[in-house]
Amino acid sequence: MKIAFRSAVAADVEAAVPLIYSSGPAAFDYVFTLDSGPTAEDFLRRSFLDGAGEFGWRNHVVGELDGRIVAAGAGWSGEMGFRFMIAGARQILGCYGPIAGAGVIGRALRVEAIVPPPSRTRFVVAHLGVRPEMRGQGIGQGLIEHLLDRGRRRGVEIATLDVAVTNPRGQALYERLGFVVTGERRSRLSNASATVPDHRHMERPI
1 MKIAFRSAVA ADVEAAVPLI YSSGPAAFDY VFTLDSGPTA EDFLRRSFLD GAGEFGWRNH
61 VVGELDGRIV AAGAGWSGEM GFRFMIAGAR QILGCYGPIA GAGVIGRALR VEAIVPPPSR
121 TRFVVAHLGV RPEMRGQGIG QGLIEHLLDR GRRRGVEIAT LDVAVTNPRG QALYERLGFV
181 VTGERRSRLS NASATVPDHR HMERPI
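Every letter in the sequence shown is one number past the one before it in the working numbering, and letter 38, counting from 1, is 38.
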């Protein structure tokens with residue numbers, strides 16, 4: 001089975017966004033889903049199409065098998081943090097308006113206490129998703145290795161990621177790829193949309 005990984009384009013939105021959402025549905029729903037408004041996937045779709053920031057298509061790669069997208073993920077240097085913060089605030093306010101958007105930004109900042117942004121000297125791997133029927137076939141490993149190679153070419157020496165304690169299968173994959181747990185952050189975040197689980201921080205040399 002030969003998976004071809006490539007940079008995402010805006011036209012990948014319908015296939016890529018469900019995969020991105022699957023990487024952390026509880027955190028996404030806690031921050032971005034409103035009772036009478038956009039859902040997390042609505043926001044992710046708008047942001048992906050916008051192209052900029054953490055959730056934009058320019059920051060993602062996809063994996064294709066026989067012309068069908070079966071995986072998606074993102075990787076970026078901590079040096080992008082300020083630029084991503086500005087893009088994220090603009091996307092949130094554009095999607096939710098100033099009043100509801102202020103609440104979304106507040107929840108996003110609370111989640112950052114559980115899943116903090118990377119330091120400037122780190123390369124973060126995130127938003128990893130594989131179609132459910134394709135899991136367990138090495139696609140996730142190939143996706144991570146592709147992203148790590150991008151970080152290596154950018155001259156970053158340490159890769160990081162965060163994994164929910166409710167995702168032991170994901171943690172086992174990351175450990176097989178050389179990531180080690182360097183800390184765990186407890187979460188008390190919960191609202192009508194979701195409960196954010198505790199998360200473990202993992203790192204490895206690239």
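Where is the CB? At the ideal position from N, CA and C, for every residue including glycine.
On a predicted model such as this, the values are computed, not experimentally measured, just so you know.
For Ala74, same chain residues with a beta-carbon under 6 Å away, outside a window of 5 residues either side, are Asn59, His60, Ala126, His127 in chain order. Going by beta carbons, Val163 and Arg186 fall outside the 8 Å limit.
DSSP places Ala87 within a helical segment (H, G or I) once states are collapsed to three. The segment 8–91 contains, as complete alpha helix (DSSP H) runs of 4+ residues, the segments 13–22, 25–32, 40–50 (chain order). Linking Pro25 to Gly129 through their CA atoms gives a straight-line distance of about 11 Å. In the same chain as Leu93, and ignoring 5 residues on each side of it, the C-beta atoms closer than 7 Å to its own belong to Gly101, in chain order. As the crow flies, the alpha-carbon of Gln137 is around 31 Å from that of Tyr30. Here Val181 carries a strand assignment [DSSP, helix/strand/coil].
Within the DSSP bridge table, the entry for Thr195 names Ser190 as partners. If you draw a straight line from the Cα of Pro98 to the Cα of Arg204, it comes to about 39 Å. Your pair Gln91 and Arg46 checks out as a contact, with CB atoms roughly 7 Å apart and the cut at 8 Å. At a Cβ-Cβ threshold of 8 Å, Val17 and Trp76 do not count as neighbours.
Residue pairing by DSSP places Thr160 opposite Val124, Glu203 in a beta bridge. Assignment of Ala4 by DSSP, reduced to helix, strand and coil, places it in the strand class. If you draw a straight line from the Cα of Gly37 to the Cα of Ala192, it comes to about 13 Å. Counting along the chain, the unbroken alpha helix (DSSP H) around Arg176 starts and ends at 168–176. One thing to note: Thr121 has its Cβ within 8 Å of the Cβ of Ile158.
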